[in-house]
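Heads up, the thing below is written out as C-alpha cells.
There are 2 protein chains.
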Amino acid sequence: MNQPTPAEAPPERRRRADGRRSRDAILDNAARLATVEGLEGLSIGRLAEHTGMSKSGLYAHFTSKQELQLATIERAQEIFEAEVLSPARANADGLQRLWALSDEFLSHLEREVFPGGCFFAAVGAEFDTHPGRVRERISVFIEEWVGELVAAAAAAQQAGELPADPDPEQLAYEVDALLLMAHAAYTMYGDPALLERARVGLARLLGPRPE
Amino acid sequence: MNQPTPAEAPPERRRRADGRRSRDAILDNAARLATVEGLEGLSIGRLAEHTGMSKSGLYAHFTSKQELQLATIERAQEIFEAEVLSPARANADGLQRLWALSDEFLSHLEREVFPGGCFFAAVGAEFDTHPGRVRERISVFIEEWVGELVAAAAAAQQAGELPADPDPEQLAYEVDALLLMAHAAYTMYGDPALLERARVGLARLLGPRPE
DNA sequence: GCACTATACGAACGGTCGTGCTATCTTGTC
DNA sequence: GACAAGATAGCACGACCGTTCGTATAGTGC
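Read top to bottom, the protein sequences are chains L and V.
Using this note's numbering, read the first sequence as starting at 1080 and increasing by one per residue.
Using this note's numbering, read the second sequence as starting at 1080 and increasing by one per residue.
In C-alpha cells, the structure reads:
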C-alpha cells in the first residue's frame, strides 16, 4: 500500500564539484558552530554569513533546517571518527584500547577539535528533551560510542587485564562519566587541570596505562 | 567618580500580594520549562501562554529577558536547596552527608523535580559557551555545589571514614561525574537502571552507605 | 471609601527566523 | 561551443521574537 517502487526513487541529483566543496564548508562550520550556539540556536543566516555566502545560496543545499541538522550530525560523526575513534582503534582490543578511547577523547577536548567541547555531549544535552529524528540520530551515535567502550572493557576482562567484578556495562558507564565530566568542566572553566582529574579517575578505575 | 550614593538606590517599588503570586508562578514555570526548552529557547510568549497570562503582563515583572533568566536561576536554586541540599544537610558531616548529597541528587532526578533533569546541568551545558551574567551565576552555583561535595569529602577523610589518598577535590570530581552522567543518561533514555548504575559507582568510590 | 498605584492587557514596533520563488551566473557533457 | 542542469543570489512571505506604550482594572494604605 503506497509502497514506493524503485522507479519512484529520488532521481539521484548529480552534484557539481564546487557545490560539493560549498556543502562541505557549510557542514564544517555548522558542526563546529553547533557546539557553541546549539544545533537549534544556530540560524541559517548566521551560518551563511560565517561561511561567506548568502542565506538562500546556503539553503539550496538542504530541503529544511532539520535536514541541515541531520547532515551536520553526520559531518560531526565523521570528524569524531577521524579524531577519536580511528586513532583509538589502532590499539589492540582490550585495556589498551579502552585507555586509548579515553585518552583520544580527552585529547580531542584539549585540542579543541570542536570549540564547544564534545559535539555529541553538547547537542545531546540540547536535544535530550526534544523528541524527533535529530534526537534519534544523536542517541544512536551515543549508543555506538558506549558500545565501543563496553566492547573494549569486555575484551580487557576476558584477557584478564581487568577484574571481572564490575560488569563491562558498569565499567563503561563509569569511564564515560569521567569523560562527560571532563567535557562539561573543561568547556565551562577552560582549565586543563580539569582534564587531568579525569585521567586520575581513569587510573583508579582501570589501573595504569598498559605497555 | 560616578559612584552611586545610597540616595540614588532604586526606589524600592512596593509589591502587591497578587503580583508576588504571579511572579512566583511565572518563575516556577520558567525554572521547570527551562530544563526542557533551554533558558534561551524558552520564549516570553510561550512562557506566558503556559502560565495563563498575556505576554506583556508577564513581561511587566521583568525589565528584560536576561533579568527573567537571572530570576529563573534564583528560583531554580531555591528549588534545588529545598529538594536536595536541605535534606542532605540534615545528615552528619562527613561520609554520611556525602552519600546523602548523592542520594538526594539522584532522588530529585528520579522524582523529576525538573522535567529536564538537573536544572544546572541543563542550563550549564547551554550557557557554558555564552559568556555573560547568566553564565556567571550558573558557574557560581556549580562551584558552591562542588564546594559542598569537597567539604563533605574532606570531613569524611578527617573522620577516618575514607582513605586520604584521592584528595577531596578529586573525590568530589569523581562523585560529581557519576551524578552528571546519571542526569545525562536518565534524561536522554529515561531508564531508572541508569540511575542505579551511578549508585553502584558511588559504592565503589565511597564504600557502602554508613549506619 | 478614596486616592494611589501595582498589575494586567491589547496593540504595535523593528528585527530575525525558516522557507519559498525567480533570475542569473557557472560548470560539466556532447 | 552549445546546452542542460547545478549553484548562488535577491527578494519577499508569514510567523514569532523581545520590547514598548497607553490604558483599563483592582488591591492596598490612609
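Cβ coordinates follow ideal geometry from the N, Cα and C atoms, glycine included.
All of these numbers come straight from a predicted model, not from anything done at the bench.
Query                                                                                                                                    : Result
Any chain L beta carbon closer than 8 Å to residue 1271 of chain V                                                                       : no
Cβ pair count under 8 Å reaching 3, the segment 1197-1210 of chain V against the segment 1254-1271 of chain V                            : yes
Beta carbon of residue 1137 of chain L nearer than 8 Å to that of residue 1150 of chain L                                                : no
Beta-carbon gap between residue 1172 of chain V and residue 1231 of chain V smaller than 8 Å                                             : yes
C-beta atoms of residue 1258 of chain V and residue 1181 of chain V nearer than 8 Å                                                      : yes
Cβ neighbour criterion (16 or more within 10 Å) applied to residue 1223 of chain V                                                       : exposed
Burial state of residue 1192 of chain V, where buried means 16 or more other Cβ atoms lie within 10 Å                                    : buried
8 Å Cβ cutoff, residue 1276 of chain L in contact with chain V                                                                           : yes
Short-range partners of chain V found in the segment 1152-1184 of chain L, where Cβ spacing is below 8 Å                                 : none
Residues of its chain near residue 1188 of chain V, where Cβ-Cβ distance is below 7 Å and the 5 sequence neighbours each way are ignored : 1196, 1197, 1261, 1262, 1265, 1274
Proximal residues, the segment 1188-1221 of chain V versus chain L, C-beta separation under 9 Å                                          : 1194, 1195, 1196, 1200, 1201, 1203, 1204, 1205, 1206, 1207, 1208, 1209, 1214, 1217, 1218, 1221
Neighbour flag for residue 1223 of chain L against chain V, beta carbons, 8 Å                                                            : no
C-alpha distance - residue 1104 of chain V paired with residue 1130 of chain V, whole-angstrom precision                                 : 7 Å
Own chain, CB closer than 8 Å to residue 1083 of chain L, minus 5 neighbours either side, in chain order                                 : Note that residue 1083 of chain L has pLDDT 43, beneath the 50 cutoff, so the model's placement of it is unreliable and the number below is only indicative. For residue 1083 of chain L, where only same-chain residues beyond five positions count, there are no Cβ hits under 8 Å.
Helix, strand or coil at residue 1240 of chain V [DSSP, three-state]                                                                     : coil
Chain-ordered residues of the segment 1224-1257 of chain V with a beta carbon less than 8 Å from chain L                                 : 1245, 1248, 1249, 1252, 1253, 1255, 1256, 1257
Extent of the continuous alpha helix (DSSP H) to which residue 1267 of chain L belongs                                                   : 1247-1268
Assigned exposure category for residue 1270 of chain V - 16 Cβ within 10 Å defines buried                                                : exposed
Residue 1107 of chain V versus residue 1113 of chain V: straight-line alpha-carbon distance, rounded                                     : 10 Å
Exposure label - residue 1280 of chain V; buried when at least 16 CB within 10 Å                                                         : buried
Given residue 1120 of chain V as reference, the closest of V/1092, V/1142, V/1147, V/1283 once Cα atoms are compared                     : V/1147
Under 8 Å between C-beta atoms of residue 1175 of chain L and residue 1245 of chain L                                                    : no
Per-residue contacts from residue 1263 of chain V into chain L (C-beta, under 8 Å)                                                       : 1200, 1203, 1204, 1207, 1259
Which of helix, strand or coil DSSP assigns to residue 1206 of chain V                                                                   : helix
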